[in-house]
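**Q**
Residue numbers (the UniProt record's numbering): 1 to 415.
#1: So, helix, strand or coil for residue 68, using DSSP?
#2: Assuming residue 152 and residue 109 are in contact, meaning their beta carbons sit under 8 Å apart, how far apart are those beta carbons, in whole angstroms?
#3: With a threshold of 8 Å on Cβ separation, who are the neighbours of residue 340 within its own chain once the five nearest residues in sequence on each side are excluded?
#4: Mind listing, in chain order, the continuous alpha helix (DSSP H) runs of no fewer than 4 residues lying wholly within the region 354-415?
#5: In its own chain, which residues sit with a C-beta less than 7 Å from the C-beta of residue 267, not counting the 5 before and 5 after it?
#6: When the Cβ atoms of the region 285-293 are set against those of the region 36-48, are three or more pairs found closer than 8 Å?
#7: Evaluate residue 174 with the Cβ neighbour count: other Cβ atoms within 10 Å of its Cβ, from every protein chain shown; 16 or more gives buried, anything less gives exposed.
#8: Rounding to the nearest angstrom, what Cα-Cα distance links residue 345 and residue 307 in this structure?
#9: Note down, in chain order, each residue of its chain lying with its Cβ closer than 6 Å to the Cβ of residue 264, except the 5 sequence neighbours on either side.
#10: Could you give the DSSP three-state label for residue 59: helix, strand or coil?
#11: Measure the CB-CB distance between residue 280 and residue 396 and report whether it falls below 9 Å.
#12: Using the Cα positions of residue 331 and residue 311, report the straight-line distance between them to the nearest angstrom.
#13: Cα separation between residue 98 and residue 89?
#14: Suppose the cutoff is 6 Å on Cβ atoms and the five residues either side in sequence are ignored; what does the same chain contact list for residue 261 look like?
#15: My output table needs one value for residue 183: the three-state DSSP class, helix, strand or coil.
#16: Less than 9 Å between the beta carbons of residue 423 and residue 114, yes or no?
#17: Let's see if you can read the secondary structure: which residues bound the alpha helix (DSSP H) around residue 247?
#18: By how many angstroms is the C-alpha of residue 119 removed from the C-alpha of residue 313?
#19: Going by DSSP, name the residue or residues bridged to residue 53.
#20: Do residue 45 and the ligand FAD come close, with the Cβ less than 8 Å from some heavy atom?
#21: On the three-state DSSP scale, how would you describe residue 198?
#22: Considering just the uninterrupted stretch of the beta strand (DSSP E) at residue 8, what are its terminal residues?
#23: In the DSSP assignment, the alpha helix (DSSP H) including residue 87 goes from what residue to what residue?
#24: Would you mind reading off the limits of the alpha helix (DSSP H) that contains residue 96?
#25: Please go through the same chain and pick out, in chain order, the residues whose beta-carbon is closer than 6 Å to the beta-carbon of residue 104, but skip the five residues on each side of it.
#26: Do residue 191 and residue 232 have their CB atoms nearer than 9 Å?
#27: Given a threshold of 16 other Cβ atoms within 10 Å of its Cβ, counted over all protein chains shown, does residue 400 qualify as buried or as exposed?
#28: Okay, do the region 232-252 and the region 195-202 touch, 3+ Cβ pairs below 8 Å being the bar?
#29: Taking all protein chains shown into account, do 16 or more other C-beta atoms lie within 10 angstroms of the C-beta of residue 352, making it buried, or fewer, making it exposed?
#30: Considering only residues of the region 120-152, which uninterrupted alpha helix (DSSP H) runs meet the minimum length of 4 residues and lie entirely inside it, listed in chain order?
#31: When DSSP builds the beta bridges, which residues end up paired with residue 227?
#32: Buried or exposed: which applies to residue 290, given that a residue is buried once 16 or more other Cβ atoms fall within 10 Å of its Cβ?
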């Protein structure tokens, strides 16, 4: 790499997982900037379409209320989440650049990642982006150049080591060389499996093609001016450290195991930092307060999104048990259903008023929406706190400094 820096832990982009709520939880658990958060993938054309709808609804004034409400669970985020990278999907350079610029306007100043690795039929098949883009490196080069020109942050690419029969190292090296040739991209996040676009589902593509970490290591040796992270099958601190040490990479990217065990993947604080004496109860209380704030400003986010994000917080906690985790999750589900019933009652009451009197006034409509928004925000806060009460006190009082944390700082310098 051009400059040797402390290797980083990257939270992989995951659809319906790396929402603003889960990212908030991860950042509460791991304040260290050595943990970089990725959003789930946003389709560039969807962002542009919502922007156009927003401008139409605002009479062409360029307001952002519709975008804020419809896409807030994806686009808006708490500033404390930095560093956070937004991942975009698409193959039209102009659209991708416009979407990247809009995301930067909403605070994503740390960087944009281009999805060249998703094997989903909707993405790589019908959409012709994601992993399918690895078959057209010239187009990816055009995309990264357009995106880099439109933003101030860095541009990175997430890809596989091959696609279908185009899985030789020569093909992969050609892709990396072509995409990076203009100097507009400096880092590649590489899932160390090939992608089969025909015959395997997305979940099978995460498990069946064999992992070949050594291929990413070869890229790091052959392209010393670029940075690489390894993604795929990383399920322990030991494996993460071994990969960083063995292949001299920029870091590791963890997805599914991060979702299952967010507390386990807490990164070690910088040298000289005081011990993190916060308890798990404190972490969950802090999350409840943050989820409340997010929901107050984002009225269209479903309760389930905020609740689901904290469901696995006990995963990887040595002092916890499966039984404790089940009680916590059961309490979350009970609370979610309760808030749903309360919300339905508010909307049913509004509907009865409409049927009796005709259309509600704008003020009355706003009042109904405020009641729903405030009820949902307060409901989620209370759901999380009530679920915490189901956890034995000795587990609640486990301190962060008593749990294992990932330290990637031991990597040797140089190539």
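Beta carbons: idealized from backbone N, C-alpha and C, even for Gly.
**A** If we stick to the structure as given:
#1: Within the chain shown, residue 68 is the residue found at index 68, counting from 1. With a pLDDT of 48 at residue 68, under the threshold of 50, the modelled position of this residue cannot be trusted, and the question is left open.
#2: The residue you call residue 152 lines up with position 152 of the chain shown. The residue you call residue 109 lines up with position 109 of the chain shown. Yes, residue 152 and residue 109 are in contact; Cβ-Cβ is about 7 Å, under 8 Å.
#3: The residue given as residue 340 occupies position 340 in the chain shown. So the list reads 303, once near-sequence residues are dropped.
#4: 362-389 and 393-396
#5: Here residue 267 corresponds to residue number 267 of the chain shown, with the count starting at 1. Contacts found: 9, 30, 32, 34, 35, 405 and 406.
#6: no
#7: The residue given as residue 174 occupies position 174 in the chain shown. When all chains shown are included, residue 174 counts as exposed.
#8: Translated into the one-based positions of the chain shown, residue 345 becomes position 345. Translated into the one-based positions of the chain shown, residue 307 becomes position 307. Using only the alpha carbons, I get a separation of about 20 Å.
#9: As a first step, residue 264 must be located in the chain shown, where it is residue number 264. Cβ neighbours of residue 264 beyond the five flanking positions: 316.
#10: Stepping through the chain shown from its first residue, residue 59 is reached at position 59. Note that residue 59 scores 49 on pLDDT, short of 50, meaning its location in the model is unreliable and no value can be drawn from it.
#11: For the purposes of this step, residue 280 is taken as residue 280 along the chain shown, with counting starting at 1. For the purposes of this step, residue 396 is taken as residue 396 along the chain shown, with counting starting at 1. Their beta carbons are under 9 Å apart, which means residue 280 touches residue 396 by this criterion.
#12: As a first step, residue 331 must be located in the chain shown, where it is residue number 331. As a first step, residue 311 must be located in the chain shown, where it is residue number 311. Their backbone Cα atoms lie some 10 Å apart in a straight line.
#13: Looking up residue 98 in the chain shown gives position 98. Looking up residue 89 in the chain shown gives position 89. Using only the alpha carbons, I get a separation of about 12 Å.
#14: Position 261 of the chain shown, counting from 1, holds the residue named residue 261. Excluding residues within five positions, the ones whose Cβ falls inside 6 Å are 315 and 316.
#15: The residue labelled residue 183 in the question sits at position 183 within the chain shown. DSSP places residue 183 in coil when its eight states are reduced to three.
#16: Lying before the first or after the last residue shown, residue 423 is absent from the chain, which here runs from 1 to 415.
#17: Taking the chain shown and counting its residues from 1, the one referred to as residue 247 is at position 247. Per DSSP, residue 247 belongs to the alpha helix (DSSP H) from 237-247.
#18: Walking along the chain shown from the start, residue 313 turns up at place 313. Walking along the chain shown from the start, residue 119 turns up at place 119. So the alpha carbons of these two residues sit roughly 29 Å apart.
#19: For this step, residue 53 is matched to residue 53 along the chain shown. In the DSSP output, where bridge partners are listed per residue, residue 53 has none listed.
#20: Questions concerning the ligand FAD fall outside what the structure shown contains, since it holds no ligand whatsoever.
#21: Numbered from its first residue, the chain shown carries residue 198 at position 198. Coil, per DSSP.
#22: What you label residue 8 is simply residue 8 of the chain shown in a count that begins at 1. It spans 8-11 - the beta strand (DSSP E) in which residue 8 sits, taken as one unbroken run.
#23: In the chain shown, counting from the first residue as 1, residue 87 sits at position 87. Premise fails: residue 87 lies in the beta strand (DSSP E), 84-89, not in any alpha helix (DSSP H).
#24: If you number the chain shown from 1, residue 96 lands on position 96. Per DSSP, residue 96 belongs to the alpha helix (DSSP H) from 93-105.
#25: As a working note, residue 104 is residue 104 in the chain shown. If we look at residue 104 and ignore the five residues flanking it on each side, its Cβ neighbours are 151.
#26: Taking the chain shown and counting its residues from 1, the one referred to as residue 191 is at position 191. Taking the chain shown and counting its residues from 1, the one referred to as residue 232 is at position 232. Contact flag set, yes.
#27: As a working mapping, residue 400 is identified with position 400 in the chain shown. Counting Cβ neighbours within 10 Å, residue 400 comes out buried, since at least 16 surround it.
#28: no
#29: Position 352 of the chain shown, counted from the first residue, corresponds to residue 352. Exposed: under 16 other Cβ atoms inside 10 Å.
#30: 137-150
#31: In the chain shown, the residue the question calls residue 227 occupies position 227. 187.
#32: Residue numbering aside, residue 290 sits at position 290 when the chain shown is read from its first letter. The residue in question, residue 290, is buried, as its Cβ has 16 or more Cβ neighbours within 10 Å.
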